[in-house]
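Reviewing the structure listed below.
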Amino acid sequence: MLAYYLRLGVRSLRRNPMLTLLMVLAIGFGVAASMTTYAVFRAVSGNPIPDKSAKLFKPQIDNWGHANGRTSDDPPDAMDYTDAMALMKTGKATRQTVSYPVGLSVIPANPKAKPFNVTGYATYADFFPMFEVPFQYGGAWPASDDTQHAPVAVISEKVNQRLFGGGNSVGRSIDIEGHRYRIAGVTRTWNPQPRFFDVNNTGGFAPDPPEIWIPFTRAVDLQIPTWGNNNCNGNVSPGWKGWLYSECVWLSYWVELPDAAAAARYKNYLHAYAAQQQQAGRFDWPPNVRLHNVTEWLADQHVVPQESQVSLFVALGFLVVCLVNTIGLLLAKFMRRAPEIGVRRALGASRGEVYRQFLAEAAMVGVAGGVLGLLLTAGGVLGIGMVFDPDIARLARVDVTLVALTLLVAVFATVIAAFYPTWRAARVQPAWQLKSN
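Position 96, counted from 1, in the sequence shown is what the numbering used here calls 83; the numbers after and before it change by one each time, with no gaps.
Right under this line is the structure:
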C-alpha cells in the first residue's frame, strides 16, 4: 500500500513542478543552514574526554588577590611554580600532573638531515594515563624518572616517522637541543578538541597535535622557558630562579579524583593550603580557591565561541521560517485537490488513507529537500572558514552521523509541517465536492 501512495505522490509532484521545486528549496536551504551551524557547534562543544571528564579536575588558587589594582575575584587561570610544587609534593589526589608548553629543536642522527622544531609539553608521568594518551609503541616513563630528573622523552607518531621511519624506537635515543634523551614511548596521533588541559595557552583549540613530552623536572633543570602564556602581577626578581619563585602564573595543574566525595575533600585541602599561606604572610586575603571538572572548566573559560551558539539559534529560526512557508505551499497544493479527495472519499476511502497518502507525499518532498540540504551543507562546511576562526572552522566535518541527521531532520520536519495541510485535506466533505462538480 505504501508503494501505491508513493506512486500517487510522484504523480502529484510532477503535476505542479514549480510548487514542488519551491518546497524542496525551502526545506533544503533551511536544513542546510541548520546543519552547517550544528556541525560547527558539535565540533566545539563536544566532550573531549567523556570517560573521565567527571574525574579530572582543575585546581585554582588565588595567589594575586587584589594586588596592583586587580579587581577580579576569580583566581588566575594558571598556577605559579611555588603552589604547583607544593601540591605535587603532598600528592593528595589519585593522580596529579603539572605541565607547560615547550618548543624544542630535534637534531637527527643523520648528518645530512637538518634539525627541526617540535612543540609539546614538559610534564609528569601521570599526564599520560590521566588524559588517556594512546600509544603506538611503549608507554609513559615511570614516576621514578620524574624524581630523578631523567633524560627521557615520549614522541609522537609523526616525529617517530621522520626520525626512525615509523619503526619501534622505544629504547633508542634522540638529540634534543644537544642533550640525549631515551625514548620511552611513541604516541598515536592525539589532539583532543577542545584541548581542555591547556585552555589558558590554546584558547581550547590547537590545529597541530603535540609532538613531544619530556619530564617537567628535567625541563626546569635545563631552564627551558615556556612557549605559553606567562602572567605576572608585581615585581619579579632577575634570573631564572627569581622568575621561578615569583608569583607569575604559567603552569597547568590537573588532578584525578575518583568521586564527588574525593573532590570535596580535595577542595577542603586547597582551602586549608591557601589558609596556611595566609597565616605564613604570603597572602593577605582570605583563601580563594576553585575546583572545576572538565566540562565545568570549559564552561567557565567560555571555550565554546558565543558566535557558534548565536549562529545555531539563528539558523534554527531560519528553518522554522522555511517550514512555515512549506506549510503554506502544502496547504495550497493539497486544497487544490479537494475535488479529487471528495471523489476518493465518496468511493470509500477513509480519512486515514487520505492522511497516509498525503504524508507519504510530504515525506518524498522531505527526502528531496534533505538531499539538496546535504549538498548545500557540504558546501557550507567547506566555506565556514569565512565566518568562523580557521582553527574552529577546520573542526567541522561532514561525516556519516551528519549525513543521517540531515536527511532525518529534513524528512521529519516536512512530515510535521504537513500535518495541518493533511488534516484540512482529510476533512473535505465528499458531498459538497460532488455537488459542486
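Just so it is clear, CB atoms sit at the ideal spot from N, CA and C, and this is done for glycine as well.
Run through the region 129 to 154 for me and flag every whole beta strand (DSSP E) of 3 or more residues, listed as ranges in chain order. Runs of the beta strand (DSSP E) spanning 3 or more residues and lying entirely within the region 129 to 154 occur at 139 to 143, in chain order.
Inter-residue spacing [alpha-carbon to alpha-carbon] between E283 and P292: For this step, residue 283 is matched to residue 296 along the sequence shown. For this step, residue 292 is matched to residue 305 along the sequence shown. Using only the alpha carbons, I get a separation of about 15 Å.
Test item: CB-CB of Q296 and F118 under 8 Å: Translated into the one-based positions of the sequence shown, residue 296 becomes position 309. Translated into the one-based positions of the sequence shown, residue 118 becomes position 131. Not closer than 8 Å, so no.
Measure the beta-carbon distance from A30 to A302 and round it to whole angstroms, keeping in mind my assumption that it falls under 8 Å. Residue mapping note: residue 30 aligns to position 43 of the sequence shown, counting from 1. Residue mapping note: residue 302 aligns to position 315 of the sequence shown, counting from 1. Actually they are not in contact, since the Cβ atoms of A30 and A302 sit about 15 Å apart, beyond 8 Å.
What's the C-alpha gap between N104 and N218? Your numbering for residue 104 matches position 117 in the sequence shown. Your numbering for residue 218 matches position 231 in the sequence shown. Cα atoms of N104 and N218: separation of roughly 25 Å, rounded to the nearest angstrom.
contact_flag[the region 72 to 85, the region 242 to 261] where n(CB pairs < 8 Å) is 3 or more: Counting Cβ pairs under 8 Å, three or more are found: they touch.
Segment limits, alpha helix (DSSP H) that includes H258: Residue mapping note: residue 258 aligns to position 271 of the sequence shown, counting from 1. Per DSSP, H258 belongs to the alpha helix (DSSP H) from A247 to Q266.
Considering only C-alpha positions, which residue in the set G304, W410, F399 and K101 is nearest to Y25? As a working note, residue 25 is residue 38 in the sequence shown. The candidate whose alpha carbon is nearest that of Y25 is G304.
Helix, strand or coil for T58, going by three-state DSSP, please let me know. The residue labelled residue 58 in the question sits at position 71 within the sequence shown. In this structure, T58 counts as coil in the three-state DSSP scheme.
Apart from the five residues on each side of it in sequence, which residues of its chain come closer than 7 Å, Cβ to Cβ, to G17? The residue given as residue 17 occupies position 30 in the sequence shown. If we look at G17 and ignore the five residues flanking it on each side, its Cβ neighbours are F305, L306, C309 and L310.
Delimiting residues of the alpha helix (DSSP H) encompassing K228: For this step, residue 228 is matched to residue 241 along the sequence shown. Per DSSP, K228 belongs to the alpha helix (DSSP H) from G226 to L231.
Round the Cβ separation of N3 and K320 to the nearest angstrom and send it over; I've been treating them as touching at under 8 Å. Locating residue 3 in the sequence shown gives position 16, where the first residue counts as 1. Locating residue 320 in the sequence shown gives position 333, where the first residue counts as 1. That belief holds up - the Cβ atoms of N3 and K320 are roughly 6 Å apart, short of 8 Å.
Where E198 sits in the DSSP three-state scheme: As a position in the sequence shown, residue 198 is number 211, starting the count at 1. Here E198 sits in coil by DSSP.
On the DSSP bridge assignment, give the partners of P88 in chain order. Looking up residue 88 in the sequence shown gives position 101. In the DSSP output, where bridge partners are listed per residue, P88 has Y108.
Return the CA-CA distance between E164 and I142, expressed in angstroms with no decimal places. Start at 1 with the first residue of the sequence shown, and residue 164 comes out as number 177. Start at 1 with the first residue of the sequence shown, and residue 142 comes out as number 155. A direct Cα-to-Cα measurement between E164 and I142 gives close to 15 Å.
Could you round the C-beta distance between F270 and G52 to whole angstroms and report it? I think they count as a contact, below 8 Å. Within the sequence shown, the letter at position 283 stands for residue 270. Within the sequence shown, the letter at position 65 stands for residue 52. Right, their Cβ atoms sit about 6 Å apart.
Unbroken beta strand (DSSP E) run spanning N280, endpoints: For this step, residue 280 is matched to residue 293 along the sequence shown. Counting along the chain, the beta strand (DSSP E) containing N280 begins and ends at V276 to N280.
Would you kindly work out how many angstroms separate the C-alpha atoms of V504 and A13, rounded to a whole number? This structure cannot speak to residue 504, because the chain is shown only from -12 to 424.
Taking its Cβ as the centre, do 16 or more other Cβ atoms sit within 10 Å of G78, making it buried, or is it exposed? Here residue 78 refers to the residue found at position 91 when the sequence shown is read from its first residue. Around the beta carbon of G78, fewer than 16 other beta carbons lie within 10 angstroms, which makes this residue exposed.
When we look at the beta-carbon of P194 and count the other beta-carbons within 10 Å, is it buried (16 or more) or exposed? Within the sequence shown, the letter at position 207 stands for residue 194. Its Cβ having fewer than 16 others within 10 Å, P194 is exposed.
Quick check on DSSP: helix, strand or coil for F184? Position 197 of the sequence shown, counted from the first residue, corresponds to residue 184. Helix.
Straight-line CA distance for D113 to T69? For the purposes of this step, residue 113 is taken as the residue at position 126 of the sequence shown. For the purposes of this step, residue 69 is taken as the residue at position 82 of the sequence shown. Distance between the alpha carbons of D113 and T69: 20 Å.
Decide if D386 is buried, meaning its Cβ has at least 16 other Cβ atoms within 10 Å, or exposed. One-based indexing of the sequence shown puts residue 386 at position 399. It is exposed - the Cβ of D386 has fewer than 16 other Cβ atoms within 10 Å.
Could you have a look at Q420 and say whether DSSP puts it in helix, strand or coil? For the purposes of this step, residue 420 is taken as the residue at position 433 of the sequence shown. The predicted model places Q420 with a pLDDT of 47, which falls under 50 and marks its position as unreliable, so this point remains unresolved.
Rounded to a whole number of angstroms, what is the C-alpha to C-alpha distance between D49 and I211? Counting from one through the sequence shown, the residue named residue 49 turns up at place 62. Counting from one through the sequence shown, the residue named residue 211 turns up at place 224. Computed Cα separation, rounded: 25 Å.
Would W177 and V120 qualify as a contact pair, given that the criterion is a beta-carbon distance under 8 Å? Translated into the one-based positions of the sequence shown, residue 177 becomes position 190. Translated into the one-based positions of the sequence shown, residue 120 becomes position 133. With respect to the 8 Å criterion, W177 and V120 are classified as neighbours on the basis of their beta carbons.
Cutoff 6 Å; reference W272; Cβ partners in own chain excluding five residues on either side: Mapped onto the sequence shown, residue 272 falls at position 285. Only G52 meet the Cβ criterion.
Starting from L43 and walking both ways along the beta strand (DSSP E), at which residues does that stretch end? For the purposes of this step, residue 43 is taken as the residue at position 56 of the sequence shown. Start and end: L43 to I48.
Tell me which residue opens and which closes the beta strand (DSSP E) that D162 is part of. The residue given as residue 162 occupies position 175 in the sequence shown. First-last of the beta strand (DSSP E) with D162: S160 to I163.
Identify which residue in T110, A286 and V290 has its Cα closest to the Cα of T134. Within the sequence shown, the letter at position 147 stands for residue 134. For the residues T110, A286 and V290, the minimum Cα distance to T134 belongs to T110.
Reduced DSSP secondary structure (H/G/I, E/B, other) of Q210: Reading the sequence shown from its first residue, position 223 is the one you call residue 210. Residue state, collapsed to three classes: coil.
Residues in the same chain with beta-carbon distance under 8 Å from N216, minus the five sequence neighbours each way, listed in chain order, please. As a position in the sequence shown, residue 216 is number 229, starting the count at 1. The residues A65, N187, N188 and W237, in chain order, have a CB closer than 8 Å to that of N216 in the same chain once the five nearest residues on each side in sequence are set aside.
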